[in-house]
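*Asks:* Chains as they are written, first to last, in the UniProt record's numbering: chain A, 1 to 58; chain B, 1 to 985. Just so you know, even glycine gets a beta-carbon here, dropped at the ideal spot from N, CA and C. Computed from a prediction, not measured in an experiment: that's the story for all the values here. I am attaching a structure below and will ask some questions about it afterwards.
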Amino acid sequence: MYVYRIMLFLVFGGYLLSPMLMSGWAVPGTAWYRPFVIWGGLIALSVWLEQKRKLDEH
Amino acid sequence: MSTSLTGLLALGVGYLVLLLLCAQAAERGWIPARLLHHPAVYTQALGVYASAWAIYGSVEFAADAGYGYLAYYLGVAGAFLLGPVMLLPIQRMTRTYQLASLADLFVFRFRSRWVGTLITLVTLLAVLPLLALQIQTLGEAVHLLTRAASPSLLALLFCLLIAGLALAFGARHTHQPARHEALIAVIAVESLVKLGAMLTLGGIALYGIFDGPADLQAWLDGPGLITQAQTRQLDSGQWRTLLLLFFAAAFLMPHMFHMVFTETPSRRALLQTSWSLPLFLLLMAVPIPLILWGAQRLGIDTTTPGIAYLAFALSDSPWVDTLVFLAGLAAASGTMILIALSLAGMILNHVVLVAHPPDNRPDLYRWLLWLRRALIVAVILSGWLFYRTIGIKHDLTTLGLAAFVGMAQCLPGMLAVLYWPGANRKGMVSGLAIGCTIWLLGLWLPLLAGYPALVVIPPGLESLEGTPGWYAITLLSLACNILVFILVSLMTRTSEGERAAAEACSVDAVIRPKRHSLAAKNGEDFKRHLAQALGPDVAEREVSTALEALGLSPLDGRPYALRRLRDRLQANLSGLMGPAVARDIVDRFLPYHQDLQATPDIHYVESRLEAYRSRLTGLARELDSLRRHHRRTLAELPVGLCAFGEDRELLMWNSALARLSGIAGESVIGAHCASLPAPWAELLSRMIDTGQPQLYKQAVRIGAELRYLSLHKATLAAHGDERGGTVILVEDHSEMKWLEDELVHAERLASIGRLAAGVAHEIGNPITGISSLAQNLRYDTDDPALLETAAQIQQLTERVSSIVSSLVSFAHSGRHLQGSHVERVDLHQLCEEALHLIRLARSGQDIRYSNRCPSGLEVDGNAQRLVQVLVNLIGNARDACQAGGHVEIDAQPHDDGIHMCVTDDGHGIDAAIRDHLFEPFTTTKAPGQGTGLGLPLVYNIVREHHGHIRIDSPPPDRTHGTRITVWLPRTQQDGEDSDAPDIDR
C-alpha cells in the first residue's frame, strides 16, 4: 500500500509541475521525442511499483 | 483523393461484419478463455477511450495548441496511474453492490432515485456532443474520400450498422451476463486496429515524408521552426484544466465507467492497467505530431478548417486513405457502441423503471430486453440527430470539450463518494444543478444555437477575460459546483441512510453493518415474497441464482445466511433494474423486523476485514494482525468455545468444539441458538438462560455416544460501542467421568476384597474346628443317624471352606501378576487345558465344547491365572446351557490385542443384573450353586493383564445365548517397545 503513495505523490507533483515541463518542450532545439521519453520513464516507474506491490502482497 | 462510394461502404460494412464474426468466435468459445481474460486484452478494451478524437481531434488540437494535445492522453494516464488508490475502491464498490453505472453509484451513495435520474440526464446531455463528434468524423471521412453529396445520410447508415452491432454484442439475451466477453473481444480488436493504423501512419510520416528521426529533428530546428513558433502554447491554467477534464473522463464518461468497473475481469487486470493503458496511450499519441509535421513538411496549410483530417493527405495511396478511414471507423464505432450500451442501461434503470416500476409484470426479462434494445437504438439516433442539428459548424475540439466539461460536473460528487462521508444529497444536487446550468448555458446550448460560448465573468475574476470559452466555463462551473456542494452539505442534515451508504463507499470505511432479523424464514419464503413483485418465475430464478452463488440451501434458516441472501438478491436485482428499483422491491417485499433492536453484525465485519486485509496499512494493519492473532488463539483453543451475540446469534464456533460436536463452524455460524442441531440448541440455550456460571458434567448424547460436558459461561454486558453477548466454554469430561467410575468400582472391589480376607480369616479357624469335631464324631459313634449328621456337617464345612478359599483367592487378586511368572502363552493350548479341567467335572457331560482358537496366537501373561479365567467363563457358559448345548471358544487378533470369546447358546443373562455381574456376590445361579465371585475374579485377572472384558447377551449375531469377550494385549515381538503403560500401577 505504501507504494501507491509514491505514485500519488508523483502524479499530483507532476500535475502541478507539468506546465513547466511543457514550456520546456516548446523551446526550439529540444528533441521532439523528449515528452514521450519522460512519459515512458513514468510508465517504467509504474511497472516497477506494480512489481513491488505484487511482492508486498505475497 | 476520390474513392468509390460503393467500395468504401463495402469496406465499412466488411469491417463491421468482421467484428461480428469476432464476437461470434468469442461467444462460441473459439477464442480460448485464457486469452479473453488476459489483462492485455482488457487493456486493449480500455483503449475505447481513444475515440475519433484520438484519430482526428488530436491532430486538430495539436495544430492549434502544440504539445497541449497530450492532455487528452496524460489526463487519463494519470487516472490509471492512480488506479490502485482511486479506481480500485470504486471497482470494489461497484462489484460488491452490482452498480453498473455512475448513476447507480450515486443512487447507492445518496439514497435517492431522483439523483439517478438527474445523473442520467446530465450524462445524456454531456455525451451527445461526443456522439456527434464520432458521427461527424465518420460522415466527413466518407465525404472527403468519396466526395459524396450527403455525408449525414451516410453517417446515418453507419449509425444504424453500429446500432445493430451494439444490439448483437450487448443486448442479445434476456439475462445480462456480468461480463460481456464478446464485447470485450470486439473492442480490443478495434483498439488494435486503430493502434496499428496510427503507428503505420506515424511511420509513413517519419520515414515516408522525413528520412527518419534525425531528419525530422533537423526540419524542426530549421525550416519547420517558423511554423512551430506560430503554434499557440497553452498557458499553465488551461493545461491543468485540460488534464483535470480528461482525468475525470477516465471514470465518469459512461463508456469508460462501464469498461473500467463493470467489465473488469479481475483486480489484477485493473492493477496492470496502471501502466499498460498509459503505454497504449503513449503509442497512440506519438504519431499525432508526426502526422502534423509530415503534413506541414508537404506544405499543407494546417491553419485552415478541416485540418483534423490531415492524415488523409499524407499520401496519395488509397491504402493510406483506407487505413485512416478504418482507424476512424474503429475508434468511432467502439465508442458509440459502448456509450449506447451503458447509457441505455442508465436510462432504463433511472428513468423508465423509476417512472414505471415493473410490479409483477409477466415476462419481465423479455420486457426489459426489448426496452434496452429500443434505448440503445434511440441513444445512437439521438447522437445522429444532435449532429444533424448542429451541422458541421463546430470543430472537433469544441464538441469534445463540451462533452468533457459536462461530465466533469459529476467529479465533485464522485470525489465525495470516495473521500467525504459528510456530503449529502442536497449538497450534491445543488452543486450539480448550478454547475450544469453554467455548462449548459455557456457551452452546450451555444453548440445548438450556433452562438459563441456565453461566459459571464464575476467580479474579481477578470483574468479569465479573453481566455477560451471552454476554460472559463470549466473553472466557473466547477468552482460554483464545489462551493455550493460543500456549503449546502454542511448546512443541511444528512439522513441515516446516506450516512450508512457513505460509510460503505468511503475509502476509509468504518463498516458497522447491523443485524436485523427478516420476516422471511428461508429461501422458499423469499421466493414467495418476491413473487408478488417479480412474478413466480422471475422470483424463482433470481432466488435460486442467489442461493447458488452463496452456496446456500433453500431451507437454510440461519439469520446470517438470510441477510446475505437478501443482500445478494438486492445486488443482483440492482444489476437488472438499477439500485433504486432493486432497493424498493427488496425493502417492500423482504422487510426486516423493525420492532427488534439491531445489533452489529460482527461476523460480516470480520469477513469484510479478511477480504480487505491486503489493503490495510499502518496502524489498521497492526490492529488487524492483533485481531487475527486473538481470533486464532480462540479458534485453536484446545477447549470448545462458542460465542453468541445479544440476540443469540452464533458468532463463533471454534475448532475444538467442531471436533467435539462433529459440526463445522461454517455451517452454524450466524444461526440462532435455538436452531442449532440437537443436542446443542437445548444445552446452550439452557446454559445462556441459567443464572449459574457453570454446568458440570451434563450427560449429552452426541451421535451414538454418551458424553459428559461441563460448560462455563461469561456474560458480556454492552457498554457504549462495545458489543454484548455470551461466551461459553465447553469441556469434554467424559474420559474423567469414566475414570472416576472405574476408580469407584475398583475401590469397591478393594473394600470387598479386604472384607473378604478378614471374613475368611475369622471363619477359617472355626470351620476347621467344626470339621475336625465332625470327623471325631464319626469315629466316636456307630449310630447311623449321628454318622449321617457328621457326614453332612463335614460336607457343609467343605462347602464353607470352598467359599472361604474363593474369598481368599478374590482378596489376593490384583497382586498376583506383579510377583508371578509372566510368559508367552499360546491361547489355543490355554483353552485346551481349561477344557480338560472342565471335562473332569461331573456336571456338563452332555455339553459340546469347541476350541476354535487358532494356534500361534500368543499373549503375555500368567498361564495359571489365565486358565482360571477360562475355567470360570467356560464353567459359567456350561451352567447356562441346556442339555445338548454348545459352548465355543474363539480368538482373533484385533488392533493391538486379541479378542477371545466364550459363547454359549444358553438362556442368556437378565438385563437387570448384566451391569452388576462383575460385582462380588452377583450370580444368576440358584442359591448354593454359585458364590458370585467367579466373574469379579475374572475381571480382576483380566485387568491385571491390562485387558478388558465385555458381555453381550444375546450376542449381536444371535437370538439367544451369551458371549463374553476378553481383550488381551498381544505378545510384543522382539524389538518392540515393551514399556507398555500399566494402569494398575
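What's the gap between the Cα of M93(B) and the Cα of G328(B)?
*Replies:* C-alpha separation (whole angstroms): 34 Å.
*Asks:* When we look at the beta-carbon of W370(B) and count the other beta-carbons within 10 Å, is it buried (16 or more) or exposed?
*Replies:* With fewer than 16 other Cβ atoms within 10 Å, it is exposed.
*Asks:* For the ligand SAH, is there a heavy atom less than 8 Å away from the beta-carbon of K521(B)?
*Replies:* Because no ligand of any kind appears in the structure shown, any question about the ligand SAH cannot be addressed here.
*Asks:* From T633(B) to A717(B), what distance separates their C-alpha atoms?
*Replies:* One C-alpha to the other measures close to 22 Å.
*Asks:* Less than 8 Å between the CB atoms is what I'm expecting for L314(B) and I291(B), so what's the real figure, rounded?
*Replies:* Confirmed, Cβ separation roughly 7 Å.
*Asks:* Looking only at its own chain, which residues have a Cβ that is under 7 Å from the Cβ of A549(B), when we skip the five neighbours before and after it?
*Replies:* Same-chain partners within the cutoff: R568.
*Asks:* Following the continuous beta strand (DSSP E) through Q892(B), name the residue where it begins and the one where it ends.
*Replies:* Note, Q892(B): beta strand (DSSP E), H886 to H894.
*Asks:* Does the structure place the stretch 857 to 866 of chain B close enough to the stretch 820 to 838 of chain B that three or more beta carbon pairs sit under 8 Å?
*Replies:* Verdict: yes, contact present.
*Asks:* Might you give, ordered along the chain, the residues of its own chain that have their beta carbon closer than 7 Å to the beta carbon of V186(B), omitting 5 neighbours on each side?
*Replies:* Contacts found: L19, C22, A23 and F169.
*Asks:* Can you tell me the Cβ-Cβ gap for F280(B) and G47(B), rounded? I've got them flagged as a contact below 8 Å.
*Replies:* Indeed, because the Cβ distance is near 5 Å, the residues count as touching under 8 Å.
*Asks:* Using DSSP with H/G/I as helix, E/B as strand and the rest coil, what is P936(B)?
*Replies:* P936(B) falls in the helix class under three-state DSSP.
*Asks:* At which residues does the alpha helix (DSSP H) containing L573(B) begin and terminate?
*Replies:* That run of the alpha helix (DSSP H) goes P559 to M577.
*Asks:* What number of angstroms, rounded off, separates the C-alpha of A671(B) from the C-alpha of H630(B)?
*Replies:* Going from the Cα of A671(B) to the Cα of H630(B) covers about 23 Å.
*Asks:* Give me the Cβ distance between N481(B) and G431(B), rounded to the nearest whole Å; I'm assuming they're in contact under 8 Å.
*Replies:* The Cβ separation is near 4 Å, so the contact holds.
*Asks:* Identify each residue in the stretch 259 to 283 of chain B for which the Cβ-Cβ distance to at least one residue of chain A is less than 8 Å, and report them in chain order.
*Replies:* Residues passing the 8 Å Cβ filter: L271, Q272, S274, W275, P278, L279 and L282.
*Asks:* Could you work out which residue in R914(B), P559(B), G400(B) and A149(B) is closest to L133(B) when comparing CA atoms only?
*Replies:* Out of R914(B), P559(B), G400(B) and A149(B), G400(B) has the C-alpha closest to the C-alpha of L133(B).
*Asks:* Can you tell me where the beta strand (DSSP E) with E858(B) in it begins and where it stops?
*Replies:* Note, E858(B): beta strand (DSSP E), E858 to G861.
*Asks:* Would you please state the rounded distance, in angstroms, between the beta carbons of A54(B) and M284(B)? I believe it to be under 8 Å.
*Replies:* That belief holds up - the Cβ atoms of A54(B) and M284(B) are roughly 6 Å apart, short of 8 Å.
*Asks:* Could you please give the first and the last residue of the uninterrupted alpha helix (DSSP H) stretch that includes C159(B)?
*Replies:* Run containing C159(B): P151 to G170, per the alpha helix (DSSP H) assignment.
*Asks:* Could you pull out every residue in the same chain whose Cβ sits closer than 6 Å to the Cβ of Q570(B), ignoring the five residues on either side in sequence?
*Replies:* A582 and V586, listed in sequence order.
*Asks:* Could you tell me the boundaries of the alpha helix (DSSP H) in which S236(B) lies?
*Replies:* From DSSP, the alpha helix (DSSP H) with S236(B) extends over S236 to L252.
*Asks:* Taking C-alpha atoms, which residue in G665(B), L245(B), L9(B) and L709(B) lies nearest to L478(B)?
*Replies:* Nearest option by C-alpha distance: L245(B).
*Asks:* Are any of the Cβ atoms in chain A nearer than 9 Å to that of R970(B)?
*Replies:* It does not; no Cβ of chain A falls within 9 Å.
*Asks:* Listed in chain order, which residues of the stretch 215 to 227 of chain B have Cβ atoms closer than 7 Å to some Cβ of chain A?
*Replies:* The residues in question are L216, Q217, L220, D221 and L225.
*Asks:* Pick helix, strand or coil for P969(B), following the three-state DSSP scheme.
*Replies:* Of the three classes helix, strand and coil, the one that applies to P969(B) here is strand, per DSSP.
*Asks:* Quick check on this structure: which residue in D104(B), L341(B), A344(B) and Y67(B) has the alpha carbon closest to the alpha carbon of W239(B)?
*Replies:* Here the closest residue by C-alpha is Y67(B).
*Asks:* Taking the DSSP output, what are the residues bridged to V727(B)?
*Replies:* BP columns for V727(B) point to A643(B) and A714(B).
*Asks:* My guess is that I38(A) and W275(B) are in contact by the Cβ rule of under 8 Å, so how many angstroms apart are they, rounded?
*Replies:* Contact flag wrong, Cβ pair sits at about 15 Å.
*Asks:* Out of L17(A), W32(A), E50(A) and M22(A), which has the shortest C-alpha to C-alpha gap to R232(B)?
*Replies:* Nearest of L17(A), W32(A), E50(A) and M22(A) to R232(B), Cα basis: M22(A).
*Asks:* Give the DSSP-derived three-state secondary structure of A699(B) in the structure shown.
*Replies:* Three-state DSSP puts A699(B) in a strand.
*Asks:* To the nearest whole angstrom, what separates the beta carbons of W444(B) and G406(B), a pair I think is in contact under 8 Å?
*Replies:* About 7 Å; that satisfies the 8 Å criterion.
*Asks:* Which residues of chain B have a Cβ atom closer than 8 Å to the Cβ of G29(A), listed in chain order?
*Replies:* The contacting residues are D221.
*Asks:* How would you list, in chain order, the residues of chain B whose beta-carbon sits under 7 Å from the beta-carbon of G40(A)?
*Replies:* Here the neighbours are L282.
*Asks:* Do you know how far the Cα of Q136(B) is from the Cα of Q228(B)?
*Replies:* C-alpha separation (whole angstroms): 28 Å.
*Asks:* For H886(B) and D905(B), what's the separation of their Cα atoms in angstroms?
*Replies:* Computed Cα separation, rounded: 6 Å.
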